[in-house]
Amino acid sequence: MSQAALAISLFFHILATVVWIGGILLITFLVIPQVNKVLEGEAALHQILLRIRRRFAGVSNLALVVLIVTGLLQMTADPNYDGLLQLDNQWSRVLLLKHLLIVMMAILGLSLQMSVAPALERVSLLLQHGKDGDSEWDRLRRKERRLTLIIALLAMLILAASAWLVSI
31 MSQAALAISL FFHILATVVW IGGILLITFL VIPQVNKVLE GEAALHQILL RIRRRFAGVS
91 NLALVVLIVT GLLQMTADPN YDGLLQLDNQ WSRVLLLKHL LIVMMAILGL SLQMSVAPAL
151 ERVSLLLQHG KDGDSEWDRL RRKERRLTLI IALLAMLILA ASAWLVSI
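Heads up: take any position in the sequence shown, counting from 1, add 30, and you land on the numbering used here.
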């Protein structure tokens with residue numbers, strides 16, 4: 031891969047990392063806690079959380095695709111790369127760890143998007159129309175918070191693995 035192509039790939043990889051992991055950390059530790067504090071008990075809380083969730087899902091999924099494509103290009107261009115599942119050097123083993131963390135994070139993210147988020151949307155609609163659903167809302171929000179915190183922790187571990195890779 032040429033230097034220019036590698037630089038472009040790295041740029042988009044870093045940009046996608048900022049969007050995906052930065053977005054997760056920002057939303058998890060700043061946006062959601064503040065929205066909950068300001069709008070606790072308000073009907074608008076359900077709507078704003080739904081909008082944040084929907085908007086970030088599309089952006090984060092696109093960022094993940096960019097990360098996969100650019101990451102594969104960079105991996106194959108790296109002199110430490112010896113081939114698929116060739117774990118004969120420390121770099122390859124750390125890269126495998128990083129990829130396992132990414133897969134775990136993506137699975138949890140899909141679970142959040144495909145299971146918890148739709149259930150929250152259904153309960154939100156019930157609550158917006160004055161129907162009972164507070165206990166289900168609370169249960170689902172706890173589950174969402176738990177999954178989101180695990181995803182944020184995995185994101186930080188992925189960044190740590192990336193730093194480790196660069197230091198090898």
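Positions of the beta carbon are idealized from the N, C-alpha and C atoms, including for glycine.
_Considering only the alpha carbon of each residue, which of Gly-101, Ala-149, Arg-176 lies closest to His-76?_
Working through the sequence shown from its first residue, we reach residue 76 at position 46. The residue with the shortest Cα to Cα distance from His-76 is Ala-149.
* State yes or no: is the C-beta of Ile-180 within less than 8 Å of the C-beta of Leu-138? => If you number the sequence shown from 1, residue 180 lands on position 150. If you number the sequence shown from 1, residue 138 lands on position 108. The Cβ atoms of Ile-180 and Leu-138 lie closer than 8 Å to each other.
- Query: Is Thr-100 closer than 8 Å to Ser-141 when the C-beta atoms are compared?
  - Reply: What you label residue 141 is simply residue 111 of the sequence shown in a count that begins at 1. What you label residue 100 is simply residue 70 of the sequence shown in a count that begins at 1. Cβ distance not < 8 Å, so Ser-141 and Thr-100 don't count as in contact.
(message) Within the continuous alpha helix (DSSP H) that includes His-76, where are the two ends?
(response) Locating residue 76 in the sequence shown gives position 46, where the first residue counts as 1. Its alpha helix (DSSP H) spans residues 74-107.
Would a C-beta distance cut-off of 8 Å place Ala-185 and Arg-83 closer than the cut-off? Along the sequence shown, one-based indexing puts residue 185 at 155. Along the sequence shown, one-based indexing puts residue 83 at 53. No. Outside cutoff.
message: I'd like to know whether the C-beta atoms of Leu-102 and Trp-50 end up nearer to each other than 8 Å.
response: Position 72 of the sequence shown holds residue 102. Position 20 of the sequence shown holds residue 50. In this structure, Trp-50 does not lie closer than 8 Å to Leu-102 by Cβ.
(Q) Looking only at its chain, what residues have a beta carbon closer than 7 Å to the beta carbon of Leu-177, apart from the 5 residues adjacent to it on each side? (A) Within the sequence shown, the letter at position 147 stands for residue 177. Hits under 7 Å: Leu-138, Ser-141, Leu-142, Val-146.
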